[in-house]
Amino acid sequence: MDTSTVVILDFGSQYTQLIARRIREFNVFSVVLPCTVSLEQVKALKPKGIILSGGPSSVYDADAPKADPAVLAMGLPVLGICYGLHFIVHHLGGKIESAPAREYGHAEVTVIAETPLFSGLPQVMNVWMSHGDEAKALPEGFVLTAQTSNAVAGIANEARKIWAVQFHPEVAHTKQGMELLKNFVIDICGASADWTPEHFIQSTVERVRAQVGDGHAICGLSGGVDSSVAAVLVAKAIGDKLTCIFVNNGVLRKDEFAKVQTTMREQLGLNVVAVDASERFLTKLAGVTDPETKRKVIGGEFISVFDDEAKKIFEAEKHDGKDVAWLVQGTLYPDVIESSSVHGPSHTIKSHHNVGGLPADMKLKLIEPLRDLFKDEVRRIGRDLGMPDDIIERQPFPGPGLAVRILGEVTAERVAILQEADQIVVDEIKRAGLYRKVWQSFAVLLPVKSVGVMGDQRTYANTCAIRAVESEDGMTADWAPLPYEVLRTISSRIVSEVRGINRVVYDITSKPPGTIEWE
Ligand SMILES: Nc1ncnc2c1ncn2[C@@H]1O[C@H](COP(=O)(O)OP(=O)(O)OP(=O)(O)O)[C@@H](O)[C@H]1O
Ligand SMILES: O=c1[nH]c(=O)c2[nH+]cn([C@@H]3O[C@H](COP(=O)(O)O)[C@@H](O)[C@H]3O)c2[nH]1
Ligand SMILES: NC(=O)CC[C@H](N)C(=O)O
Ligand SMILES: [Mg+2]
Numbered sequence: 001m002d003t004s005t006v007v008i009l010d011f012g013s014q015y016t017q018l019i020a021r022r023i024r025e026f027n028v029f030s031v032v033l034p035c036t037v038s039l040e041q042v043k044a045l046k047p048k049g050i051i052l053s054g055g056p057s058s059v060y061d062a063d064a065p066k067a068d069p070a071v072l073a074m075g076l077p078v079l080g081i082c083y084g085l086h087f088i089v090h091h092l093g094g095k096i097e098s099a100p101a102r103e104y105g106h107a108e109v110t111v112i113a114e115t116p117l118f119s120g121l122p123q124v125m126n127v128w129m130s131h132g133d134e135a136k137a138l139p140e141g142f143v144l145t146a147q148t149s150n151a152v153a154g155i156a157n158e159a160r161k162i163w164a165v166q167f168h169p170e171v172a173h174t175k176q177g178m179e180l181l182k183n184f185v186i187d188i189c190g191a192s193a194d195w196t197p198e199h200f201i202q203s204t205v206e207r208v209r210a211q212v213g214d215g216h217a218i219c220g221l222s223g224g225v226d227s228s229v230a231a232v233l234v235a236k237a238i239g240d241k242l243t244c245i246f247v248n249n250g251v252l253r254k255d256e257f258a259k260v261q262t263t264m265r266e267q268l269g270l271n272v273v274a275v276d277a278s279e280r281f282l283t284k285l286a287g288v289t290d291p292e293t294k295r296k297v298i299g300g301e302f303i304s305v306f307d308d309e310a311k312k313i314f315e316a317e318k319h320d321g322k323d324v325a326w327l328v329q330g331t332l333y334p335d336v337i338e339s340s341s342v343h344g345p346s347h348t349i350k351s352h353h354n355v356g357g358l359p360a361d362m363k364l365k366l367i368e369p370l371r372d373l374f375k376d377e378v379r380r381i382g383r384d385l386g387m388p389d390d391i392i393e394r395q396p397f398p399g400p401g402l403a404v405r406i407l408g409e410v411t412a413e414r415v416a417i418l419q420e421a422d423q424i425v426v427d428e429i430k431r432a433g434l435y436r437k438v439w440q441s442f443a444v445l446l447p448v449k450s451v452g453v454m455g456d457q458r459t460y461a462n463t464c465a466i467r468a469v470e471s472e473d474g475m476t477a478d479w480a481p482l483p484y485e486v487l488r489t490i491s492s493r494i495v496s497e498v499r500g501i502n503r504v505v506y507d508i509t510s511k512p513p514g515t516i517e518w519e
């Protein structure tokens, strides 16, 4: 069975990934591609429909991002959102101009023409807008379907199967947004709601099995949710042709190297090779203080450890002369978009070690079965695979580990200090029953010294920041209002139990403008 796919072409909107998510929420698969992909790449996915996202540019700018206008003439249903509407109007002969009255936030839209896109929706809708440009003249064959008191809010050319809205149906603030998207995806495109976890598991297993053939694969396994789910999925596909490599990169949590090995072998039955490469990593990290450089050093070193292990497996087992050619990683969609502009004209925020941190000359070919998904979707798949809750519900822990929570140089001594503080945070958050309620909770070691007094003696030591955030998918996050009692216990335990820290502060920055990790 072929999955129904909806292709989203990204013009760089902050909300593109939300469109994908919303569609998957009603069990239809969708893929985000940069707006610049070729028509052939779009066709290869056999999509049921195309959605054109919003974006920060103006279509009339010389360097405005463009899609191949031929996507509008494939005979597939098209839905343009905001910049997507502008793109359609601009390329089919209408006019887009800077609006005298820009619209940001809530707006009231009146539906003025019947169209299947608005089927079942009220005539007056409360929607969310974010634009400074507007349609001044519609291309031939288009009708106005909705408007605000200021501007065009919806257009359609049903003969050409093109619809567009100026507002954002994908954001939660547009009340009927889900219904509108459902009208498009299910009724207009005729996509079937078959993207269930079982279907995803089955088709991934088949694809990976075909891809790897009689070759051999290794999987970078961290004990985190993503790589555990990826490993279980791939093991289901290729059985003992998969070897998992768990690397001690010197910046893991306290006792994690031992604990993860046991869990992965005993609870998941995975074939795990544990490699203690902490010295290698710490040597490479010596003297490095720039956050992006740290990430690149760690990303590069991971791959070089994976290469070495692949060679060893090959030499030991020969595999009929077939090289270990594949590297499985638990990469998720947020890792991809934050790392690079591959999905269109968005900004690089930080290089996730497993994406933007990969060396250019790596030989292993990647298998990343979760690359289009968000964490909560991966958890859903893990549950369906029958994986135990204590693995599925683990808080995310970044591959560069404590290195991006130690500001300044990473040294063995600093790692040891932060491991102690981190352990206290984890213990206390668990004890308060908050571990699964917050997205992440951890300690950060700052190279900032301040004066304290302990046991009548003057101290002059480091500061530790506590970070706890709530989030749905790691893309946006708010600081968690941890109970004062919990903060008090964490603070007093850290200062009394961890040598090298004499002050604890609480981070009350949301994302944006902050990020979750400090580097
Ligand atoms: N210590 C490690 N040893 C081997 N591979 C690792 C290690 N840390 C990270 N990786 C690889 O990098 C990928 C990305 O790490 P990331 O932390 O995003 O995912 P995860 O650890 O699998 O899940 P989680 O986000 O829940 O921590 C992992 O899926 C895994 O393939
Ligand atoms: O495996 C990873 N490799 C990385 O390089 C990396 N950087 C951030 N993260 C995790 O991603 C989520 C978002 O983090 P930020 O708000 O700090 O970008 C949070 O959950 C972070 O813990 C990483 N995970
Ligand atoms: N959110 C958007 O897509 C905005 C489109 C365009 N940049 C505008 O301001 O009108
Ligand atoms: Mg992790």
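If you use the UniProt record's numbering, the sequence shown closes out at 519, no skipped numbers anywhere. Glycine included, every Cβ here is placed at the ideal spot set by N, Cα and C.
Exercise. Closer than 6 Å by C-beta to Ile188: which residues in its own chain qualify, once you throw out the five before and the five after it? Chain order, please.
Key: Locating residue 188 in the sequence shown gives position 188, counting from the first residue. For Ile188, where only same-chain residues beyond five positions count, the Cβ hits under 6 Å are Pro77 and Pro116.
Quiz item: Pro400: which of Lys284, Lys46, Met264 and Leu366 sits nearest, CA to CA?
Solution: Residue mapping note: residue 400 aligns to position 400 of the sequence shown, counting from 1. Measuring C-alpha to C-alpha distances from Pro400 to each of Lys284, Lys46, Met264 and Leu366 identifies Lys284 as the nearest.
Quiz item: Taking the alpha carbon of Asp384 as the point to measure from, which residue in Ile201, His168, Tyr484 and Trp195 has its own alpha carbon closest?
Solution: Residue 384 sits at position 384 when you count from the first residue of the sequence shown. By alpha-carbon distance to Asp384, the top candidate from Ile201, His168, Tyr484 and Trp195 is Ile201.
Quiz prompt | Helix, strand or coil at Asp276 [DSSP, three-state] | solution = Position 276 of the sequence shown, counted from the start, is the residue given in the question as residue 276. Strand at Asp276.
Quiz item: Would you call residue 522 buried or exposed, if buried means 16 or more other Cβ atoms sit within 10 Å of its Cβ?
Solution: For residue 522 there is no data in the structure shown, the boundaries of the chain being 1 and 519.
Self-check item: Glu309 versus Val297, Leu327 and Glu292, residue with shortest Cα-Cα distance
Solution: In the sequence shown, the residue the question calls residue 309 occupies position 309. The residue with the shortest Cα to Cα distance from Glu309 is Leu327.
Exercise. Take the Cβ of Met352 as the centre, count every other Cβ of all protein chains shown within 10 Å, and call the residue buried at 16 or more, exposed below.
Key: The residue you call residue 352 lines up with position 352 of the sequence shown. With the sequence shown as reference, residue 352 is identified as His, and Met is not the correct amino acid for it. His352 comes out buried.
Quiz item: Can you tell me the Cα-Cα spacing of Arg295 and Thr289, whole angstroms?
Solution: Counting from one through the sequence shown, the residue named residue 295 turns up at place 295. Counting from one through the sequence shown, the residue named residue 289 turns up at place 289. When rounded, the separation of the alpha-carbon atoms in Arg295 and Thr289 is 10 Å.
Quiz item: Does DSSP put Asn183 in a helix, a strand or coil?
Solution: Counting from 1 along the sequence shown, the entry for residue 183 is found at position 183. Looking at Asn183 - three-state DSSP - the assignment turns out to be helix.
Quiz item: Given Ile516, which residues of its chain have a CB within under 8 Å of its CB, disregarding the five upstream and five downstream residues?
Solution: Translated into positions along the sequence shown, residue 516 becomes position 516. The answer, listed in chain order, is Trp439, Gln440, Arg467, Val469, Ser471, Gly474 and Ala477.
Practice problem: Rounded to whole angstroms, what's the CA-CA distance from Ala151 to Ile186? Just pull it up for me. | Solution: Indexing the sequence shown from 1 puts residue 151 at position 151. Indexing the sequence shown from 1 puts residue 186 at position 186. Distance from the CA atom of Ala151 to the CA atom of Ile186, rounded to whole angstroms, is 28 Å.
Self-check item: Assumed close pair Lys365, Leu332 - CB separation to whole angstroms, cut-off 8 Å
Solution: Here residue 365 is taken as the residue at index 365 of the sequence shown, counted from 1. Here residue 332 is taken as the residue at index 332 of the sequence shown, counted from 1. With a Cβ gap of about 19 Å, Lys365 and Leu332 do not count as contacting.
Practice problem: Report the rounded CA-to-CA distance for Thr145 versus Gly154, giving the unit in angstroms. | Solution: Numbered from 1 along the sequence shown, position 145 holds the residue referred to as residue 145. Numbered from 1 along the sequence shown, position 154 holds the residue referred to as residue 154. The straight-line gap from Cα to Cα measures roughly 5 Å.
Quiz prompt | Contact check, Glu519 vs Leu445, beta carbons under 8 Å | solution = By 1-based counting over the sequence shown, the position of residue 519 is 519. By 1-based counting over the sequence shown, the position of residue 445 is 445. Cβ atoms of Glu519 and Leu445: not closer than 8 Å.
Quiz item: Looking at Ile490 and Ala461, is the spacing between their C-beta atoms short of 8 Å?
Solution: Residue 461 sits at position 461 when you count from the first residue of the sequence shown. Residue 490 sits at position 490 when you count from the first residue of the sequence shown. The answer is no: Cβ separation not under 8 Å.
Quiz item: DSSP three-state call for His131: helix, strand or coil?
Solution: As a position in the sequence shown, residue 131 is number 131, starting the count at 1. Of the three classes helix, strand and coil, the one that applies to His131 here is strand, per DSSP.
Quiz item: Quick one: any contact between the segment 377 to 392 and the segment 249 to 261, if contact means 3 or more CB pairs under 8 Å?
Solution: No: the two stretches stay apart, fewer than three of their Cβ pairs being nearer than 8 Å.
Quiz prompt | Bounding residues of the beta strand (DSSP E) (the contiguous stretch that carries His252) | solution = To locate residue 252, count along the sequence shown from 1; it is residue 252. Correcting the residue type first, residue 252 is Leu in the shown sequence and not His. No beta strand (DSSP E) holds Leu252; DSSP gives it neither H nor E.
Practice problem: Report the rounded CA-to-CA distance for Glu158 versus Ala231, giving the unit in angstroms. | Solution: As a first step, residue 158 is located in the sequence shown; it is residue number 158 there, counting from the start. As a first step, residue 231 is located in the sequence shown; it is residue number 231 there, counting from the start. Taking the straight line joining both Cα atoms gives about 46 Å.
Quiz item: Which first and last residues belong to the alpha helix (DSSP H) in which Arg22 is found?
Solution: Working through the sequence shown from its first residue, we reach residue 22 at position 22. For Arg22, the enclosing alpha helix (DSSP H) starts and ends at Thr16 to Glu25.
Self-check item: Ser433 - containing alpha helix (DSSP H), residue span
Solution: What you label residue 433 is simply residue 433 of the sequence shown in a count that begins at 1. Just to set this straight, residue 433 is Gly in the shown sequence, not Ser. In the DSSP assignment, Gly433 falls outside any alpha helix (DSSP H), carrying neither H nor E.
Quiz item: Which of the three DSSP states, helix, strand or coil, is assigned to Thr463?
Solution: Residue 463 sits at position 463 when you count from the first residue of the sequence shown. The answer is strand: DSSP assigns Thr463 an E or B state.
Quiz item: Say the cut is 7 Å; is the CB of Gly55 nearer than that to a heavy atom of ligand 3?
Solution: The count along the sequence shown starts at 1 and reaches residue 55 at position 55. Yes - ligand 3 has a heavy atom lying nearer than 7 Å to the Cβ of Gly55.
Quiz item: Cβ-heavy atom distance between Pro398 and ligand 6 below 7 Å?
Solution: Looking at this structure, you won't find ligand 6 anywhere; what it does contain is ligand 1, ligand 2, ligand 3 and ligand 4.
Practice problem: Under 7 Å Cβ to Cβ from Gly344, same chain only, skipping five residues before and after it: list those, please. | Solution: On the sequence shown, position 344 is the one that residue 344 refers to. Note that Gly344 scores 49 on pLDDT, short of 50, meaning its location in the model is unreliable; the coordinates nonetheless yield the value given after this. Same-chain partners within the cutoff: Asp10, Phe11, Gly12, Pro34, Cys35 and Pro65.
Quiz item: From Glu292 to Val31, what does the alpha carbon distance come to, in whole angstroms?
Solution: Taking the first residue of the sequence shown as 1, we reach residue 292 at position 292. Taking the first residue of the sequence shown as 1, we reach residue 31 at position 31. Answer to the nearest angstrom: the Cα atoms are 28 Å apart.
Quiz item: Tyr83 by DSSP, collapsed to three states: which one?
Solution: As a working mapping, residue 83 is identified with position 83 in the sequence shown. Tyr83 falls in the helix class under three-state DSSP.
Quiz item: Between the segment 390 to 400 and the segment 219 to 228, are three or more C-beta pairs nearer than 8 Å?
Solution: Contact check between the segment 390 to 400 and the segment 219 to 228: three or more CB pairs, one atom from each, fall below 8 Å, which counts as touching.
Quiz item: Quick one: is Lys95 buried, meaning 16 or more other Cβ sit within 10 Å of its Cβ, or exposed?
Solution: Working through the sequence shown from its first residue, we reach residue 95 at position 95. So Lys95 counts as exposed.
Quiz item: Are three or more beta carbon pairs between the segment 85 to 103 and the segment 133 to 141 nearer than 8 Å?
Solution: Look at the beta carbons and you see the segment 85 to 103 touching the segment 133 to 141: at least three pairs across the two are nearer than 8 Å.
Exercise. Evaluate contact between the segment 115 to 135 and the segment 45 to 53, counting only Cβ atoms and requiring at least three cross-stretch pairs below 8 Å.
Key: Taking 8 Å as the limit for Cβ pairs, the verdict is that the segment 45 to 53 does not touch the segment 115 to 135.
Quiz item: Does ligand 4 have even one heavy atom less than 7 Å from the beta-carbon of Gly474?
Solution: One-based indexing of the sequence shown puts residue 474 at position 474. Outside the cutoff, so no.
Quiz item: Closer than 7 Å: is that where the CB of Ser222 sits relative to any heavy atom of ligand 4?
Solution: In the sequence shown, residue 222 corresponds to position 222, counting from 1. Indeed, a heavy atom of ligand 4 lies less than 7 Å from the Cβ.
Practice problem: Consult DSSP for Met387 and reduce its assignment to one of helix, strand or coil. | Solution: Looking up residue 387 in the sequence shown gives position 387. Coil.
Practice problem: Grab the span of the alpha helix (DSSP H) containing Ala230 for me, first residue to last. | Solution: Taking the first residue of the sequence shown as 1, we reach residue 230 at position 230. Element bounds for Ala230: Val225 to Ile238.
Practice problem: Return the chain-ordered ranges of every alpha helix (DSSP H) run that is complete within the segment 31 to 87 and spans a minimum of 4 residues. | Solution: Qualifying alpha helix (DSSP H) stretches, in chain order: 39 to 44.
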